[in-house]
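Accompanying notes for the structure given below.
There are 2 protein chains.
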Amino acid sequence: MQTLNHYPSTIQRGIQRQNACRATVLLRGKHSRCKAATTLDAAAATASKPVVDVSLAPHVMVNSCTGRMGHSAAEAVVRAGLTLVPFTLTGYSAGVAVSNIGVAGIPVEVVGKERRQDIMNRIREQHPRLIVVDYTTPNCVNDNAQFYADNGVPFVMGTTGGDPQKVAAAAEAAGVYAVVSPQMGKQVVAFQAMMQLMADSFPGVFSGYSLSVVESHQRNKADTSGTAKAVVQSFNKMGLDFKENQIRKIRDRVTQLEAMAVPEDALDGHAFHTYTLRSPDQSVEFVFKHNVTGRSIYAEGTVDAVLFLAKKMQEGAQQKVYNMIDVLREGFLR
Amino acid sequence: MQTLNHYPSTIQRGIQRQNACRATVLLRGKHSRCKAATTLDAAAATASKPVVDVSLAPHVMVNSCTGRMGHSAAEAVVRAGLTLVPFTLTGYSAGVAVSNIGVAGIPVEVVGKERRQDIMNRIREQHPRLIVVDYTTPNCVNDNAQFYADNGVPFVMGTTGGDPQKVAAAAEAAGVYAVVSPQMGKQVVAFQAMMQLMADSFPGVFSGYSLSVVESHQRNKADTSGTAKAVVQSFNKMGLDFKENQIRKIRDRVTQLEAMAVPEDALDGHAFHTYTLRSPDQSVEFVFKHNVTGRSIYAEGTVDAVLFLAKKMQEGAQQKVYNMIDVLREGFLR
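Line by line, the protein sequences give chains A and B. Numbering follows my numbering, in which position 262 of the first sequence is assigned residue number 262; successive positions increment by one, without gaps. Numbering follows my numbering, in which position 112 of the second sequence is assigned residue number 112; successive positions increment by one, without gaps.
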């Protein structure tokens with residue numbers, strides 16, 4: 001059990017609650033998720049094939065828990081039974097660092113840029129197995145990556161934007177372990193990778209077929225889905241002749257509800273994709289769909305990336321910088 | 001132009017009709033299909049990247065055109081502009097070899113087992129670039145394969161049943177080129193291969209997810225879809241725990257029409273499959289469907305296998321025996 005003296009009492013209670021849950025971490029399979037601090041016994045009963053040494057389970061700092069994605073990721077960290085570091089660095093300025101927030105009942109202290117080095121020194125002392133998760137904003141991606149690298153702290157960069165190559169280079173130069181991926185939805189990444197592999201392995205397999213692509217997202221997403229565009233590229237290698245502007249973008253709520261069957265409570269946050277292939281004589285139809293509501297797929301993928309990094313650190317792996325395909329290839333992580 | 005003197009005049013007309021179409025064969029892409037003998041000019045206008053030397057286009061004998069699958073394959077051969085050899089060996093006994101049949105307007109003479117060697121000698125003389133397609137019955141698969149091998153005739157074995165390993169061994173021993181595959185539906189084979197590859201590459205990617213599998217086939221199909229079983233095996237490697245007996249088999253017409261949207265005219269011949277994956281919190285859903293009606297997917301795959309063999313023969317490839325994955329890997333064949 002870690003020393004709690006450095007933290008205020010509310011935070012101590014949170015850490016104790018997490019520690020109760022932590023022993024369930026890193027058990028393989030679906031039973032490993034700690035739904036509440038009291039499910040320890042049930043989880044222990046299903047223990048099998050631990051992937052990472054429990055005593056080496058990572059402690060996770062999520063920046064920033066004030067954002068919606070960061071908050072979801074922090075909740076997933078707690079849900080997975082990992083230790084959430086009760087500090088969060090805010091995205092850009094110290095201006096917003098005025099109040100503390102809670103994640104899954106655990107108080108988390110918001111830290112502005114002017115205090116971040118002091119706090120990081122303290123955290124590193126208290127949490128030697130620290131891994132940082134970054135869900136901030138595009139304009140601080142590279143500055144944050146450099147900060148983590150300078151502090152020798154491994155990190156998962158889930159924030160989109162910035163210059164991902166510079167992020168990777170910063171980690172590489174500092175010899176810091178990192179997963180850098182603009183798309184943390186593990187299963188969607190796997191689907192996309194498979195379509196690419198299918199195109200590379202079996203070019204022309206759908207030659208002569210016709211394609212339709214429909215994607216639906218919340219109203220304020222102006223551009224066409226990047227995933228749909230990437231999948232269309234793969235289909236074109238498979239023999240289709242489909243233009244990006246033929247992708248049907250659905251942004252109006254009525255069509256979303258009626259034609260796409262988007263749940264009403266997901267209208268403001270969803271990513272639905274349907275690809276339909278038909279043979280020239282219409283006798284063959286293939287349909288591929290991936291429909292995501294909310295943020296949990298990304299949050300869970302983030303936890304997988306954290307566990308992956310913990311494993312690589314434990315193994316002392318030569319390679320330092322990874323992406324989600326590497327995480328996927330690793331297989332079962334919990 | 002081949003010598004036609006050996007055939008009766010009705011057969012000669014058929015061959016002339018095919019020859020008018022044959023020049024369109026083996027042009028890459030969707031324009032290569034010869035819809036009627038008069039589309040030659042249109043097809044020639046789109047000529048690009050010939051894959052196989054037109055003068056080396058194979059002549060195809062389909063055994064047996066009296067069966068539904070053989071008849072469909074022969075029609076696809078003609079549709080693709082290939083030369084259909086106007087003889088067909090019947091499956092088992094000479095007893096059924098009493099009348100001639102026509103494929104796409106081309107008369108085809110039915111040949112029983114007692115005449116098959118004589119006719120084969122004549123065909124080989126007339127059609128040095130002969131490739132045989134076999135859609136017969138399980139009980140003559142191995143005998144037929146041996147017969148083709150003994151005659152040094154390359155073949156595509158599309159008949160299910162028999163002993164496929166012996167079929168391959170017969171071709172191998174005789175140094176005869178062959179494609180041996182119980183499933184000629186190229187796109188379905190590709191889908192199945194991709195699911196397997198996804199399982200091998202990303203084990204556990206759907207860990208914690210739930211799965212439902214529904215398949216619908218014509219009423220007289222008693223067993224569970226072999227494709228569904230194979231795909232379930234792949235999903236289990238991806239982290240599911242799904243039993244074969246959990247596959248929902250639909251054989252009643254009302255459910256087929258209403259729940260599976262099978263077209264009414266396909267109730268007696270279809271293969272519909274739907275796989276649905278859901279995350280533990282139901283926020284993520286993946287759906288994969290492959291719905292086939294009729295036989296054209298298998299017939300078209302057979303033509304692809306024929307063109308593939310023609311290409312391998314032209315290249316003088318070392319490897320003699322192939323499967324549909326090899327055909328898929330070859331890419332664009334027309």
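Here a beta-carbon is modelled for each residue, glycine too, at the ideal position from N, C-alpha and C.
Name the chain A residues that come within less than 9 angstroms of B:P58, Cβ to Cβ? Chain A residues near B:P58: none, gap ~19 angstroms exceeds 9 angstroms.
Name the chain B residues whose beta carbon is nearer than 9 angstroms to that of A:S225? Those do not exist, as A:S225 stays about 16 angstroms from chain B at its closest Cβ, beyond 9 angstroms.
Identify each residue in the stretch 60–75 of chain B for which the Cβ-Cβ distance to at least one residue of chain A is less than 8 angstroms, and report them in chain order. none
Do the stretch 241–252 of chain B and the stretch 277–290 of chain B meet, that is, are 3 or more Cβ pairs less than 8 angstroms apart? no
Are the C-beta atoms of A:S234 and some chain B residue less than 8 angstroms apart? no
In whole angstroms, what separates the C-alpha of A:P263 from that of A:L257? 7 angstroms
Given a threshold of 16 other Cβ atoms within 10 Å of its Cβ, counted over all protein chains shown, does B:L89 qualify as buried or as exposed? buried
Where does A:G95 sit, in a helix, a strand or coil, going by DSSP? Confidence in A:G95 is poor, its pLDDT being 44 and thus under 50, which makes the residue's placement too unreliable to answer from.
I want to see whether chain B comes within less than 8 angstroms of A:D265, judged by CB atoms only; does it? no
Do A:N63 and A:T137 have their C-beta atoms closer together than 8 angstroms? no
Just checking my contact of A:V179 with A:N142 at CB under 8 angstroms: how many whole Å lie between their CB atoms? Actually they are not in contact, since the Cβ atoms of A:V179 and A:N142 sit about 16 angstroms apart, beyond 8 angstroms.
Below-8 angstroms beta-carbon distance, B:M194 vs any chain A residue: yes
Please classify A:G406 as buried or exposed, where buried requires at least 16 other C-beta atoms within 10 Å of its C-beta. Residue 406 of chain A is absent from the model: chain A starts at 1 and stops at 334.
Roughly how many angstroms separate the alpha carbons of B:E75 and B:A104, rounded to a whole number? 6 angstroms
At the 8 angstroms Cβ level, is A:A169 part of the contact set with chain B, yes or no? no
Listed in chain order, which residues of the stretch 277–292 of chain B have Cβ atoms closer than 9 angstroms to some Cβ of chain A? L277, S279, P280, D281, Q282, S283, V284, E285, F286, V287, F288, K289, H290, N291 and V292
Quick one: is B:V96 buried, meaning 16 or more other Cβ sit within 10 Å of its Cβ, or exposed? At B:V96 the pLDDT is 45, less than 50, meaning the model places this residue with poor confidence and gives no usable figure here.
Is it true that the CB of B:N151 sits closer than 8 angstroms to the CB of B:M120? yes
What residue range is occupied by the uninterrupted alpha helix (DSSP H) comprising B:G301? S296 to E315
Compare the C-alpha of A:V156 against each of A:S181, A:A173 and A:E172 and name the closest. A:S181
Collapsed DSSP secondary structure at B:H71 in the structure displayed: helix
What's the gap between the Cα of B:G185 and the Cα of A:G102? 55 angstroms
Give me the Cα-Cα distance between B:F206 and B:N291, rounded to the nearest whole angstrom. 23 angstroms
Against chain B, which members of the stretch 172–187 of chain A pass a CB distance test of less than 9 angstroms? G185, K186 and Q187
Express the C-alpha separation of A:K243 and B:T159 in angstroms, rounding to a whole number. 39 angstroms
Can you pull the chain B residues whose beta carbon is under 7 angstroms from the beta carbon of A:M198, in chain order? A190 and M194
Taking the beta strand (DSSP E) that B:L130 falls in, what are its first and last residues? L130 to D134
Taking the alpha-carbon positions, what's the B:F286 to B:R278 distance? 7 angstroms
Neighbouring residues, chain B, relative to A:L328 (Cβ below 8 angstroms): S201, F202 and V205
Compare the C-beta of A:I297 with all C-beta atoms of chain B and state if any pair is closer than 8 angstroms. yes
Can you confirm whether B:G301, when its beta carbon is compared against all beta carbons of chain A, has any partner nearer than 8 angstroms? no
Taking the beta strand (DSSP E) that B:T276 belongs to, which residues open and close that run? H270 to R278
CB A:V132 to CB A:I106, shorter than 8 angstroms? no
Using a 10 Å radius around the Cβ and a threshold of 16 neighbouring Cβ atoms, would you call B:E300 buried or exposed? buried
Alpha carbon to alpha carbon, how far is B:R33 from B:H71? Bear in mind that the predicted position of B:R33 carries a pLDDT of just 31, short of 50, making it unreliable; the figure below should be weighed with that in mind. Using only the alpha carbons, I get a separation of about 18 angstroms.
List, in order along the chain, the chain B residues whose C-beta lies closer than 7 angstroms to that of A:G294? S283
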